[in-house]
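Notes to accompany the following structure.
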Amino acid sequence: MLREDRYKKKVGLGQDGNSLVLLIGAIAIIFCIFKFIWLVYKIADKDLSAYDQNIFNWLVVPGDFEKMMTRPWTLLSFMFMHSNPWEMIGNLLWLWAFGYIFQEITGNRKLIPLFIYGSVGAGIFFTLCYNLIPKLVPMGPAVTLVGASAGIWAIAVAATTMDPDYRIFPMINGGFPLWIMTVIYLIIDFALIAAQKSPPGYFAHLAGGFVGFLFIYQLRRGHDWSNWMNNFFDWLGNLFNPDRQSWKKTARTDLHYNARGTQPYKKIPNITQKRIDEILDKINQQGYRFLTDEEKDILKRAAEDEEL
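Residue 177 in the working numbering sits at position 176 of the sequence shown, with consecutive numbering throughout.
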């Protein structure tokens, strides 16, 4: 089907601007950069604790509230930091699994904002817990929050809240619902936290999941928290890329298309290419489930015409 083929191109691995690929690439590249710095310390026969103290700890969220206030950037940097390669690889696999599903349900422009929201919310809640819960206060200065797990929790819970019956591996007896995979992920994650004896993980990950639920709750009420962030990313991208066409519609462009007697697009019988592209862009931004019956019918007719 044309609809399925064109949509896969929109979210495929090679698609320019694919949020999931960009996010996974950023985490992997940042890990390699700091692992290289760590390797330089090791080859130079320097004390590796100096690396943690002088570099790594300046980019992860500290349990000490006063220290965190002097390093506010850690709320944005910690989600990209990993000290253990196996932990990083595990996070990337789970991010791919839930991120792909989330993009298919909601479109291509909500994944990164949700990941950031979940991580920042987790970092704030983590620090508050270690400074407000008496039993944990003595541990605060010695613990840190690091890794992408909290953001992945936000994505997993958001995708499950949006469509808990989404089918995974449908070729196997109709597949199994998304909520089962989410439960399995939560159990494994909690087991790993317990094995590492890392209490901060419980608070941070639960907070990330709660942010994911709030994100979808507000989206259903008509409040898309990702809009302002995406608008900022668009503005930033155009600011540093003068060759890219402006995202704003100019008066000249509007006059050009409205004043011409014929559409400057090739038509498929009674269906303009412009209309098809608009529908595909809507799929990319919001997901196929948000198409109207008329838009679905247009894609179906276009697919039938193309098969002839």
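Think of the CB as a built atom: it goes at the ideal place given N, C-alpha and C, for glycine as much as any other residue.
query = Just curious, the alpha helix (DSSP H) that M82 is in, first and last residue?
reply = For the purposes of this step, residue 82 is identified with residue 81 of the sequence shown, where counting begins at 1. Premise fails: M82 is in no alpha helix (DSSP H) and is neither H nor E.
query = In terms of DSSP beta bridges, what is R168 paired with?
reply = Translated into positions along the sequence shown, residue 168 becomes position 167. The partner list for R168 (beta bridge, DSSP) reads P178.
ask   = To the nearest angstrom, how far is it from the Cα of G64 to the Cα of W154?
value = Working through the sequence shown from its first residue, we reach residue 64 at position 63. Working through the sequence shown from its first residue, we reach residue 154 at position 153. Distance between the alpha carbons of G64 and W154: 20 Å.
inquiry  = Quick test of the definition: if touching needs 3 or more C-beta pairs under 8 Å, does the segment 91-102 touch the segment 49-59?
reply    = no
For W154, the first and last residue of its enclosing alpha helix (DSSP H) = Residue 154 sits at position 153 when you count from the first residue of the sequence shown. Start and end: S150 to M163.
request  = Could you tell me which of A304, F211 and L112 sits nearest to N19, measuring between CA atoms?
outcome  = As a first step, residue 19 is located in the sequence shown; it is residue number 18 there, counting from the start. Out of A304, F211 and L112, L112 has the C-alpha closest to the C-alpha of N19.
request  = Between the Cα of M163 and those of Q274, Q104, K301 and A205, spot the shortest distance and give me the residue it belongs to.
outcome  = What you label residue 163 is simply residue 162 of the sequence shown in a count that begins at 1. Considering only alpha carbons, the answer is Q104.
inquiry  = Within the continuous alpha helix (DSSP H) that includes W39, where are the two ends?
reply    = Against the sequence shown, residue 39 aligns to sequence position 38. It spans S20 to I44 - the alpha helix (DSSP H) in which W39 sits, taken as one unbroken run.
task = Would you kindly check if the distance between the Cβ of L179 and the Cβ of A160 is under 8 Å?
result = Within the sequence shown, numbered from 1, the residue matching residue 160 stands at position 159. Within the sequence shown, numbered from 1, the residue matching residue 179 stands at position 178. Yes, Cβ-Cβ distance for A160 and L179 is below 8 Å.
request  = Measure the Cβ-Cβ separation of I181 and F116 and say whether it is below 8 Å.
outcome  = If you number the sequence shown from 1, residue 181 lands on position 180. If you number the sequence shown from 1, residue 116 lands on position 115. Contact flag unset, no.
ask   = Expressed to the nearest angstrom, what Euclidean distance is found between the alpha-carbon atoms of H206 and F233?
value = If you number the sequence shown from 1, residue 206 lands on position 205. If you number the sequence shown from 1, residue 233 lands on position 232. Those two C-alpha atoms are separated by around 27 Å.
query = Beta carbon of L60, beta carbon of G124: below 8 Å?
reply = As a first step, residue 60 is located in the sequence shown; it is residue number 59 there, counting from the start. As a first step, residue 124 is located in the sequence shown; it is residue number 123 there, counting from the start. Not in contact: L60 and G124 (Cβ atoms no closer than 8 Å).
query = Looking only at DSSP bridge pairs, what is L146 linked to?
reply = Counted from its first residue, the sequence shown places residue 146 at position 145. L146 pairs with V62.
ask   = Roughly how many angstroms separate the alpha carbons of M70 and I185, rounded to a whole number?
value = Position 69 of the sequence shown, counted from the first residue, corresponds to residue 70. Position 184 of the sequence shown, counted from the first residue, corresponds to residue 185. Spanning the two alpha carbons is a distance of roughly 36 Å.
key: Proximity of T145 and N58 at Cβ, strictly below 8 Å   = Numbered from its first residue, the sequence shown carries residue 145 at position 144. Numbered from its first residue, the sequence shown carries residue 58 at position 57. Yes, Cβ-Cβ distance for T145 and N58 is below 8 Å.
inquiry  = Quick check on N109: does DSSP put it in helix, strand or coil?
reply    = Here the question's residue 109 lines up with position 108 in the sequence shown. Coil at N109, not helix or strand.
Collapsed DSSP secondary structure at G100 in the structure displayed = Residue numbering aside, residue 100 sits at position 99 when the sequence shown is read from its first letter. Helix at G100.
task = With DSSP as the reference, label T293 as helix, strand or coil.
result = Position 292 of the sequence shown, counted from the start, is the residue given in the question as residue 293. Looking at T293 - three-state DSSP - the assignment turns out to be coil, as it is neither helix nor strand.
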